[in-house]
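Take a look at the structure below.
4 protein chains.
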Amino acid sequence: MTTQMIILNGGSSAGKSGIVRCLQAVLPDPWLAFGVDSFVDALPAKMQASDAGIEIAADGRVSVGADFRALEEAWIEGVVAMARAGARVVIDEVFLGGAASQQRWQKALGDVDVLWVGVRCESSVAAGREVARGDRVHGMASLQADVVHEGVIYDLEVDTTHTESLACARTIAAHVS
Amino acid sequence: MTTQMIILNGGSSAGKSGIVRCLQAVLPDPWLAFGVDSFVDALPAKMQASDAGIEIAADGRVSVGADFRALEEAWIEGVVAMARAGARVVIDEVFLGGAASQQRWQKALGDVDVLWVGVRCESSVAAGREVARGDRVHGMASLQADVVHEGVIYDLEVDTTHTESLACARTIAAHVS
Amino acid sequence: MTTQMIILNGGSSAGKSGIVRCLQAVLPDPWLAFGVDSFVDALPAKMQASDAGIEIAADGRVSVGADFRALEEAWIEGVVAMARAGARVVIDEVFLGGAASQQRWQKALGDVDVLWVGVRCESSVAAGREVARGDRVHGMASLQADVVHEGVIYDLEVDTTHTESLACARTIAAHVS
Amino acid sequence: MTTQMIILNGGSSAGKSGIVRCLQAVLPDPWLAFGVDSFVDALPAKMQASDAGIEIAADGRVSVGADFRALEEAWIEGVVAMARAGARVVIDEVFLGGAASQQRWQKALGDVDVLWVGVRCESSVAAGREVARGDRVHGMASLQADVVHEGVIYDLEVDTTHTESLACARTIAAHVS
């Protein structure tokens, strides 16, 4: 059976996007990469700060509204359709709802073969990397570090606290069939 | 009948992405925006300069390989699936193959209701805007200005040579049902 | 006498940065480009939202604190020193304080030969371009369109309402000696 | 004596910019941050690929021409002038010429009080981080890892191979007077 999708889940500043780029470099086939950031970029600017869209509080807490949720569901279906159509797809996600977020994907995935990967990073280290990235909303890394993994089931977990992105990517790539 | 997708086609620096952002601002419903740029961003970095991926010559000429074409086909199917799943989607495209490019979309679209929009801009004006944007590969705007429209059939055309993005967006929005 | 600096002043979304890139393209000598945006990028992230730094209200109103002002003064002196050291420098500024802002530059400039350029754009057109750029803080373009020019004395004014960046740049370049 | 400038030197992907942002966060005073990247951004686009400007070969080797060198000298003088005018300034540099590059700064610095910091990273780790960043020109990290330190004299060295940016920044901050 061929792995059609890799779904990485982890908190902000856990190092997911670096792992994704390394996966795209080390995997022999070309993989498309999407994620919560590319989805948010696709939204109207006006949804960045409205009840129906996404809101990031001063402490880094993120809340999303009904329009966001409806568009996200359609986006998930579309990304899964790309995999069904033959593209291999790696996804960089932040499961703010933990197990409930994973279930939203599972509902759309059907029999698509997915490798589920948890990306962990010690909260204090992720918070430090958030400072190094210069993001203006501090606190997201700490707030999300654990909650995004609650109840989520993985095939594999990597931890970027003491392991480089490229090494994590190689570990993941070894599980791709 | 409800317009499910808007597909804008035009050459580099014709002003498509500005029109897309204005459409997202003026249309009452939230629309997702994707395009050739977001697709290229999803590709592995190594496909940016390889025979199987995309190559931009010093004069701005763009060529794509077999892997690019296969992934693009899957990406198109996925974007159309988002529309079928209820999201309204606006696409910003550059039909390097003219009518053949449009047919690739039509094959995937089936009975999805699309508004086809040609975005024109006089070649010399587009070339000037390319300089103003500071892109390093000059010449794309001129090369693409006419060729991308060859044989393509539109519901509507706008011309950014003397008309602002917002006004073009309002014209397009008036055709959305 | 050789023009050592060009200082462009205009409101947000008036088209200054496009003109700067065109000037760098059409002027035969290499010119360094700096401006209020590159200055703000050089500030600590924490000054983006503090009384001592810069604050952008929801309506686009910008206020700056004492630390900002002190660093800006040193930055101006440094940029003028580059011109004295032989680099030709083009500056992209937003004189929120009108004539008072110009005087801050004049104090540092001494006998450096400057071409002062006002960049105008009709408020409604600038507001439309702000939407097209997808900036999240709407209203800056309108608020700043006129106030930044109050009491400022120019060698030359250009208006981007109906004139392309490249044409404006050529007009300016013709005044560079 | 008060430290007026901090100059960090290290190869591409050694982690300098992350350290700079952490320094700006942990140092009690506001520090301005500039570096080779902000200087290159200030150059005309046409100097990105010309004999007089900067050229990056396919293997990551960087060469610069006479115009680049002249503008860089003026830029260095200007940045030093900012420090003389009272701003505290942190610089992120890549001394492609090793000791000769340091001397270019020393010539301009006079009696300005500088903390010289070497930023090291094992070549293989830096190369992996280059992949994680998705840079299209691979090889710069390896090529530059050692050569940029040849003959350069530091007050302090940090190594990002096994130490986070924030911890490196705290070590450096402890040496700032």
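Protein chains in written order, with my numbering: chain A, -11 to 165; chain B, -11 to 165; chain C, -11 to 165; chain D, -11 to 165. Note that beta-carbon positions come from the ideal geometry of N, C-alpha and C, so glycine has one too.
Asked, Found
"Could you confirm whether any beta carbon from chain B is found closer than 9 Å to the beta carbon of residue 147 (chain D)?", "no"
"Does residue 136 (chain D) come out as helix, strand or coil in the three-state DSSP assignment?", "coil"
"With distances taken from CA atoms, which of D:1, D:42 and D:15 is nearest residue 155 (chain D)?", "D:15"
"Check residue 6 (chain A) in the structure and name its three-state DSSP category.", "helix"
"Locate the beta strand (DSSP E) running through residue 106 (chain D), then write down its first and last residues.", "102 to 108"
"What first and last residue would you give for the alpha helix (DSSP H) that runs through residue 61 (chain C)?", "54 to 72"
"Tell me the residue span of the beta strand (DSSP E) that contains residue 144 (chain D).", "144 to 147"
"Taking the alpha-carbon of residue 75 (chain A) as reference, which of B:112, B:79, B:128 and B:27 has the nearest alpha-carbon?", "B:27"
"Out of curiosity, what's the CA-to-CA distance linking residue 49 (chain D) and residue 130 (chain D)?", "10 Å"
"Residue 169 (chain C) bridges to which residues according to DSSP?", "The question about residue 169 (chain C) has no answer here: the residues shown for chain C are numbered -11 through 165."
"For the region 98 to 120 of chain B, which residues have a CB atom closer than 8 Å to at least one CB atom of chain C, in sequence order?", "113, 116, 117, 119 and 120"
"Look at residue 20 (chain B) and residue 96 (chain A) and say whether their C-beta atoms are less than 9 Å apart.", "no"
"Taking only beta-carbon positions, decide if residue 155 (chain D) is within less than 9 Å of chain A.", "yes"
"Report back the beta-carbon spacing between residue 64 (chain B) and residue 105 (chain B) to the nearest angstrom; my notes put them in contact at under 8 Å.", "Actually they are not in contact, since the Cβ atoms of residue 64 (chain B) and residue 105 (chain B) sit about 17 Å apart, beyond 8 Å."
"So residue 6 (chain A) packs on residue 114 (chain A), CB below 8 Å; how close in whole Å?", "Not quite, the Cβ-Cβ distance comes to about 13 Å (not below 8 Å), so this is no contact."
"Do residue 3 (chain C) and residue 158 (chain C) have their C-beta atoms within less than 9 Å of each other?", "no"
"Near residue 24 (chain B), what residues of its chain come up, given a Cβ to Cβ distance below 8 Å and the 5 sequence neighbours on each side ignored?", "80, 81 and 82"
"Can you list, in chain order, the residues of its chain with a C-beta nearer than 7 Å to that of residue 142 (chain A)? Leave out the 5 residues immediately preceding and following it.", "104, 105 and 106"
"Which one of A:126, A:102 and A:99 has the shortest CA to CA distance from residue 112 (chain A)?", "A:126"
"Considering Cα atoms alone, identify which of A:29, A:109, A:57 and A:110 is closest to residue 93 (chain A).", "A:57"
"Would you kindly check if the distance between the Cβ of residue -8 (chain D) and the Cβ of residue 101 (chain D) is under 9 Å?", "yes"
"On the premise that residue 33 (chain C) lies in contact with residue 108 (chain D), defined as a C-beta separation below 8 Å, what is that separation, rounded to the nearest angstrom?", "Residue 108 (chain D) to residue 33 (chain C), Cβ: 25 Å. No contact."
"Going by alpha carbons, who is nearest to residue 35 (chain C) out of C:13, C:54, C:17 and C:18?", "C:54"
"Quick one: Cα of residue 69 (chain B) to Cα of residue 77 (chain B), how far?", "10 Å"
"Where do the N-terminal and C-terminal ends of the beta strand (DSSP E) with residue 28 (chain B) fall, by residue?", "Per DSSP, residue 28 (chain B) belongs to no beta strand (DSSP E); it is in the alpha helix (DSSP H), 24 to 30."
"The alpha helix (DSSP H) that contains residue 121 (chain B), what's its start and end?", "111 to 121"
"Please compile the residues from chain B whose C-beta is within a distance smaller than 7 Å of the C-beta of residue 169 (chain D).", "Residue numbering for chain D in the displayed model covers -11 to 165; residue 169 (chain D) lies beyond these limits and cannot be assessed."
"Can you check which of these residues, C:73, C:99 and C:66, is closest to residue -11 (chain C) by C-alpha distance?", "C:99"
"Using a Cβ cut-off of 9 Å (strictly closer), state whether residue 123 (chain D) contacts chain B.", "yes"
"Could you give the residue range of the beta strand (DSSP E) that holds residue 76 (chain A)?", "76 to 81"
"Compare the beta carbon distance of residue 31 (chain B) and residue 44 (chain B) with 9 Å and say whether it is the shorter of the two.", "no"
"Give the residues of chain A in contact with residue 13 (chain D), contact being defined as C-beta atoms less than 8 Å apart.", "119"
"Just mark residue 66 (chain D) as buried or exposed, buried being the case when its beta carbon has 16 or more other beta carbons within 10 Å.", "buried"
"Any beta carbon from chain D within less than 9 Å of residue -2 (chain A)'s own beta carbon?", "no"
"Around the Cβ of residue 120 (chain D), are there at least 16 other Cβ atoms within 10 angstroms (buried) or fewer (exposed)?", "buried"
"When the Cα atoms are used, what is the spatial distance from residue 147 (chain C) to residue 150 (chain B)?", "15 Å"
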